[in-house]
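In full-length UniProt numbering, the protein residues as written are 1 to 170.
So this is what it looks like as structure tokens:
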């Protein structure tokens with residue numbers, strides 16, 4: 001396949017999938033596909049709204065898991081870590097007591113994204129509270145919280161490809 005430098009978010013997918021995406025790009029139809037499938041963006045623009053949204057999902061599916069101390073949009077993670085979100089677990093010794101904090105950071109590009117794609121990312125990061133590795137149990141938990149997880153993950157990668165191409169064409 002030629003000229004798939006713009007498919008960096010889709011690395012690891014089979015060639016037949018990549019060629020379909022490349023065809024959409026070459027025909028100038030990727031933007032229309034994304035906009036037709038996801039015509040509206042979420043309105044969770046503040047970190048408080050993002051925290052409340054994340055806690056609602058956590059309280060529904062992971063009631064007995066460790067608490068979350070912070071959920072924020074982070075403008076740095078997309079560039080620095082080549083990630084869309086990060087789950088961090090911080091342990092500190094305070095006066096002889098070990099205090100643990102779970103934090104979730106979401107790439108700020110998802111401030112302006114469809115709600116279902118943001119949800120997929122939040123579910124992914126929440127799953128890391130229970131399962132640290134990307135293993136079978138991790139993906140089973142993701143699918144328990146979001147049955148369309150795998151499709152949404154793929155669509156999020158298409159969304160990122162679309163955003164990058166749109167930015168390059170400005």
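Every residue, glycine too, gets a C-beta built ideally from N, C-alpha and C.
* According to DSSP, is residue 80 helix, strand or coil? -> With a pLDDT of 41 at residue 80, under the threshold of 50, the predicted position of this residue should be treated as unreliable, though the coordinate-derived value follows. Taken through DSSP and simplified to helix, strand or coil, residue 80 comes out as helix.
* Report the rounded CA-to-CA distance for residue 28 versus residue 166, giving the unit in angstroms. => Straight across, the Cα-Cα distance linking residue 28 with residue 166 is about 11 angstroms.
* From residue 156 to residue 117, what does the alpha carbon distance come to, in whole angstroms? -> The C-alpha of residue 156 lies about 6 angstroms from the C-alpha of residue 117.
* Asked: How should residue 125 be labelled, buried or exposed, when 16 other C-beta atoms within 10 angstroms of its C-beta is the threshold for buried?
  -> Around the C-beta of residue 125, 16 or more other C-beta atoms lie within 10 Å, and the residue is accordingly described as buried.
* Pull up the distance between the alpha-carbon of residue 113 and that of residue 66, whole angstroms please. => Each residue's CA atom was taken as its position, placing residue 113 and residue 66 some 28 angstroms apart.
* To do: Leaving out five residues on either side along the sequence, give the residues of the same chain with a beta carbon under 6 angstroms from the beta carbon of residue 71.
  => The residues are 50, 51, 54, 104.
* C-beta contact flag for residue 138 and residue 127 at 8 angstroms -> Their beta carbons are under 8 angstroms apart, which means residue 138 touches residue 127 by this criterion.
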